[in-house]
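According to my numbering, the sequence shown is numbered sequentially starting from 13. Heads up, the beta-carbon is just placed ideally off N, CA and C, and yes, glycines get one too.
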Amino acid sequence: MKTWSGAALLVLLSALAVMPARADRLVVSVSQPQVRITSSFTGAELVVFGVAEARNGDDGAIDVVVTVRGPGESFTTWRKSRVLGLWVNSDSRTFVEAPAFLAVLSSRPTTQIASPETLRVEQIGLNYNILVQRVGPDFADVVPSDPFRTAFLRIQTAQGVYREDPQGVAFLAPRVFRAEVGIPGTAPLGRYTVAVKVFQNGAVSATELSSFDVNKTGFEQKIAEFSQRDGWLYGLAVALGSLVVGFVGNLLFRRD
């Protein structure tokens, strides 16, 4: 890990040296472009490295926010009501193309980095990420205190796929930083985007995007590809397998 970190920082510093002159310069690197899931996968740790060049020679203090978003999915949140003494689902909201994974890592609490308006515009923090809901025939984002939104964030956080860490970004030097991104064993498959934003004096001074993929590998991937390529054969194989298992179980546990 130490060898890789030193090499990564050297690459980042070299890249900054050859970048064309502009007001803000930021180079970001992710420790691995792919996370491969096997049957024994319980999670992974990725490291995001970054180097921010001083703006016009201004080497004042900066803040960094790293936001990792997983592939978009639709989720439905239900509200329960008491009817005739029983708790039943009475109302629901569907979140459309919401990130299946969302991690917000920052060098300090985001409320100390910028104003609420700036955080909202830049979608910094769980409370300020846009989560589009289907409200009847319309689609809209709602206020952070909306009960369905609050319940959705609570559920995703409890499942470990949403999190916010106000100390998740560490500075190795005044303008060299790293952030560790924990990918849980239940991580959804697909492409994950990494958005790194540098703040100075409450305003965004640099932004850089990167990405990595979470994919299955080995036997699990072959089965998944088979089920997508030859769906009817996969269904037939599953049915036959169930019959064989049932027949063998009957032989082993039958009573004479």
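Collapsed DSSP secondary structure at residue i in the structure displayed
{"i": "Gly258", "result": "helix"}
{"i": "Ala35", "result": "Confidence in Ala35 is poor, its pLDDT being 43 and thus under 50, which makes the residue's placement too unreliable to answer from."}
{"i": "Leu143", "result": "coil"}
{"i": "Gly84", "result": "strand"}
{"i": "Leu201", "result": "coil"}
{"i": "Gly55", "result": "strand"}
{"i": "Arg132", "result": "helix"}
{"i": "Gln179", "result": "coil"}
{"i": "Phe113", "result": "coil"}
{"i": "Val250", "result": "helix"}
{"i": "Leu138", "result": "helix"}
{"i": "Leu263", "result": "helix"}
{"i": "Leu96", "result": "coil"}
{"i": "Gly62", "result": "strand"}
The alpha helix (DSSP H) enclosing residue i, as first and last residue numbers
{"i": "Pro196", "result": "Run containing Pro196: none in the alpha helix (DSSP H); it sits in the beta strand (DSSP E), 188-196."}
{"i": "Phe164", "result": "159-170"}
Distance between beta carbons of residue j and residue i, contact taken as under 8 Å
{"i": "Phe160", "j": "Gln145", "result": "7 Å"}
{"i": "Phe113", "j": "Ala199", "result": "6 Å"}
{"i": "Val210", "j": "Ala64", "result": "5 Å"}
{"i": "Val60", "j": "Arg190", "result": "7 Å"}
{"i": "Gly55", "j": "Gly197", "result": "5 Å"}
{"i": "Val208", "j": "Leu38", "result": "7 Å"}
{"i": "Thr89", "j": "Phe164", "result": "5 Å"}
{"i": "Asp103", "j": "Arg94", "result": "No, Asp103 and Arg94 are not in contact; Cβ-Cβ is about 13 Å, not under 8 Å."}
{"i": "Val155", "j": "Arg105", "result": "Actually they do not touch by this definition, with Cβ atoms about 13 Å apart."}
Among the options, nearest to residue i - alpha-carbon criterion
{"i": "Asn213", "options": "Arg91, Ala73, Ala66", "result": "Ala73"}
{"i": "Ile142", "options": "Ala163, Phe107, Thr219, Glu176", "result": "Phe107"}
{"i": "Thr219", "options": "Glu134, Leu184, Trp244", "result": "Glu134"}
{"i": "Asn227", "options": "Ser254, Ser104, Ile195", "result": "Ile195"}
{"i": "Leu71", "options": "Ala185, Leu252, Val154", "result": "For the record, residue 71 in the displayed sequence is Asp; it is not Leu. Residue Ala185 is the option with its Cα nearest to Asp71."}
{"i": "Phe183", "options": "Gly62, Gln44, Leu255", "result": "Gly62"}
{"i": "Ser43", "options": "Pro111, Ser223, Val216", "result": "Ser223"}
{"i": "Ala215", "options": "Leu131, Ala115, Leu221", "result": "Leu131"}
{"i": "Glu109", "options": "Gly253, Ser52, Asp153, Ala251", "result": "Asp153"}
{"i": "Ala168", "options": "Ala251, Gly243, Leu138, Ser157", "result": "Note on residue identity: the sequence assigns Gln, not Ala, to residue 168. Closest option to Gln168, Cα to Cα, is Leu138."}
{"i": "Thr162", "options": "Ser52, Pro149, Tyr140, Ile125", "result": "Tyr140"}
Endpoints, beta strand (DSSP E) assigned at residue i
{"i": "Arg48", "result": "46-49"}
{"i": "Val154", "result": "First-last for Val154: undefined, no H or E at that position."}
{"i": "Thr122", "result": "Counting along the chain, Thr122 falls outside any beta strand (DSSP E), and DSSP gives it neither H nor E."}
{"i": "Ala215", "result": "215-228"}
Below-8 Å beta-carbon distance, residue i vs any chain D residue
{"i": "Thr205", "result": "Reference to chain D is not applicable here, since this structure consists of a single protein chain."}
I'd like to know if the region 105-119 and the region 62-81 are in contact, where contact means that at least 3 CB-CB pairs between them fall below 8 Å. Because the criterion of three Cβ pairs below 8 Å is met, the region 105-119 and the region 62-81 touch.
Check whether the region 154-172 and the region 37-49 are in contact - that is, three or more C-beta pairs closer than 8 Å. Pairwise C-beta distances place the region 154-172 out of contact with the region 37-49, as fewer than three of them are shorter than 8 Å.
On the three-pair Cβ rule with 8 Å, is the region 193-208 touching the region 79-92? Yes: at least three Cβ pairs fall under 8 Å.
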